[in-house]
Amino acid sequence: MNLGHEVALVAGKDLRIERRARVTLQQILPFGAIVLLLFAFALDPDRGVLRRVAPGLFWVAVLLALLLAVSRSFTIEIENGARDALRLSGLDPAAIFLGKAAAIAVQLAILEALLAIGVVVLFDVALSSVGVLVLATVVATVGLAATGTLYGVLAAGLRMRETLVPVLLLPVVAPVLLGATRAWEAAIDGPASDAWPWIGVLGVFAVLAVGAGMLAFGPLLEEA
Amino acid sequence: MQPIVRLRSAVCLLGRFPALAGVDLDADEGEVVLLSGGNGAGKTTLLRMIAGLVPVHSGEAVVLGHDLTRDRRSHRAQVALVGHETGCYDDLTAAENVEFAVGAAGRDRADVAPALDAVGLAPLADVPHGRMSAGQRRRLSLAIAVARAPRLLLLDEPHAGLDAEGRAVLDGLLTSARDDGRTVLIASHELDRARALADREVVLTAGQAHGALDARGRAVVPT
Numbered sequence: 065m066n067l068g069h070e071v072a073l074v075a076g077k078d079l080r081i082e083r084r085a086r087v088t089l090q091q092i093l094p095f096g097a098i099v100l101l102l103f104a105f106a107l108d109p110d111r112g113v114l115r116r117v118a119p120g121l122f123w124v125a126v127l128l129a130l131l132l133a134v135s136r137s138f139t140i141e142i143e144n145g146a147r148d149a150l151r152l153s154g155l156d157p158a159a160i161f162l163g164k165a166a167a168i169a170v171q172l173a174i175l176e177a178l179l180a181i182g183v184v185v186l187f188d189v190a191l192s193s194v195g196v197l198v199l200a201t202v203v204a205t206v207g208l209a210a211t212g213t214l215y216g217v218l219a220a221g222l223r224m225r226e227t228l229v230p231v232l233l234l235p236v237v238a239p240v241l242l243g244a245t246r247a248w249e250a251a252i253d254g255p256a257s258d259a260w261p262w263i264g265v266l267g268v269f270a271v272l273a274v275g276a277g278m279l280a281f282g283p284l285l286e287e288a
Numbered sequence: 003m004q005p006i007v008r009l010r011s012a013v014c015l016l017g018r019f020p021a022l023a024g025v026d027l028d029a030d031e032g033e034v035v036l037l038s039g040g041n042g043a044g045k046t047t048l049l050r051m052i053a054g055l056v057p058v059h060s061g062e063a064v065v066l067g068h069d070l071t072r073d074r075r076s077h078r079a080q081v082a083l084v085g086h087e088t089g090c091y092d093d094l095t096a097a098e099n100v101e102f103a104v105g106a107a108g109r110d111r112a113d114v115a116p117a118l119d120a121v122g123l124a125p126l127a128d129v130p131h132g133r134m135s136a137g138q139r140r141r142l143s144l145a146i147a148v149a150r151a152p153r154l155l156l157l158d159e160p161h162a163g164l165d166a167e168g169r170a171v172l173d174g175l176l177t178s179a180r181d182d183g184r185t186v187l188i189a190s191h192e193l194d195r196a197r198a199l200a201d202r203e204v205v206l207t208a209g210q211a212h213g214a215l216d217a218r219g220r221a222v223v224p225t
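Those sequence lines, one after another, are chains A and B.
Converting from the first sequence to my numbering requires adding 64 to each position, the first position being numbered 1.
Converting from the second sequence to my numbering requires adding 2 to each position, the first position being numbered 1.
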């Protein structure tokens, strides 16, 4: 079986479980929406401020939702000793990494689409340069999903994983928060061409995260 | 002929504690070996070490031609371990759990239905693992092991949680595994039942193999 089939097998499994459990729709999405609402309440008197900070608030909400998605992705491997079964499955660890990262990326993409609607409605933001916006979001999501998957397996075997994942992951994905926020700001307010350098930064981050994950996931899964 | 499992003075440390303190063991193709011993003797750790799930810290360990002191991953696709936990996903049905394992092993989806049928779970193919009883879950993990068609089958307390029908199914699976030339290692406390299926018995005490008994647990013979 080639790498692509193995990736599809793992991603399909995780997404099928997610579709049944509905954690993204019933817990992670409401969580992200509540975060946006809280920001809206806190900054409500000044709509101008809300519009200006909307990109940053959106990506903070996405990052917080990422933590839940990563936690969920590895909780299902801990229940019933599924992680040992995964290790014995014969699957290439790189394929397991890519499959789990792809499943997280799909969940984040759905979440981002719905949160973007929330940003437009709650923060009165007009989305322009949609193509640039979508490209920045896709590249950032790949980087976030890959990094989250790598740090998820790193903490998977630890009792303190629920608290450890945020402590480890959030500083590492700070460049994504910065790059994605700047790219969104450029796509919304400034000239869209200003977004390209930031999309480049996000692309480099995504490539490094995917590469590091493919190399390191196997040994980390063994130690988890 | 190269044995399927060959251990010499194999040591496995869990933390600083020697869970296995120098085990010698041979298992040939088509042989069913019973591992007996009290709680904490090291039976589960031994099976996990042979599966490559825990490291061999010293000694010699060759399984299916692979030296586990150097590489404990390459042989795994040819090994199935039925342990205390099922390794299944609660939100997937019985058929989907088997299908995932079969797909990961690079085998055909057509193997799913016969595997469920072999353990009497065909009527429960669409029931999620999370809604199954303990005995049904145990049968499901046996179905996954069957579907993967491993050369080496490792069973850790396989009779636990099974009713009379389930035990008969397990006995049948072990018999057909031996007939197919697969090597089976069983760790069990149900000695009478396991001895009836085994060619040989190896007794573990405090992480060490203390010789082997014949199928009735009588004569000590060298491993």
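A virtual CB, placed ideally from N, CA and C, is assigned to each residue, including glycine.
Residues of the same chain with a CB within less than 6 Å of the CB of A:ALA247, apart from the 5 flanking positions on each side, are ALA200, ALA259, TRP262 and ILE263 in chain order. Nearest in C-alpha terms to B:LEU144, of all of B:VAL114, B:VAL129 and B:ASP128, is B:VAL114. Taking 9 Å as the cut-off, the beta carbon of A:VAL126 is found no closer than this to the beta carbon of A:LEU197. In the three-state reduction of the DSSP assignment, B:GLY24 falls in the strand class, which pools E and B.
For B:ASP92, at least one C-beta of chain A is nearer than 9 Å to its own C-beta. Collapsing the DSSP output to three states places B:ARG202 in a strand. Contacts with chain A at 9 Å (Cβ-Cβ) do not include B:PHE19. Taken in chain order, the complete alpha helix (DSSP H) segments of 4 or more residues contained in the region 218-256 of chain A are 225-236 and 238-252. For the region 87-101 of chain A, the set of positions with a beta-carbon nearer than 7 Å to some beta-carbon of chain B is empty.
For the pair B:VAL56 and B:ALA21, the CB atoms are nearer than the 9 Å cut-off. For B:ARG8, the enclosing beta strand (DSSP E) covers residues 7-16. Under the three-state reduction of DSSP, B:PRO57 is assigned to coil, being neither helix nor strand. Short of 8 Å from the beta carbon of B:ARG169, and not among the five residues preceding or following it, lie these beta carbons of its own chain, in chain order: HIS161 and ARG195. Among the residues facing chain A, B:GLY89 is included, as its CB has a counterpart in that chain under 9 Å away. Checking the DSSP bridge columns, you'll see B:GLU192 has no partner listed. In the three-state DSSP reduction, B:SER135 falls in the coil class, being neither helix nor strand.
When the beta-carbon positions are compared, A:ALA210 and A:PHE138 stay at least 9 Å from each other.
Counting only runs of 4+ residues, the alpha helix (DSSP H) found wholly inside the region 95-171 of chain B occupies 96-106, 114-120 and 136-150, in chain order. Secondary structure at B:LEU66: coil, using DSSP grouped into helix, strand and coil.
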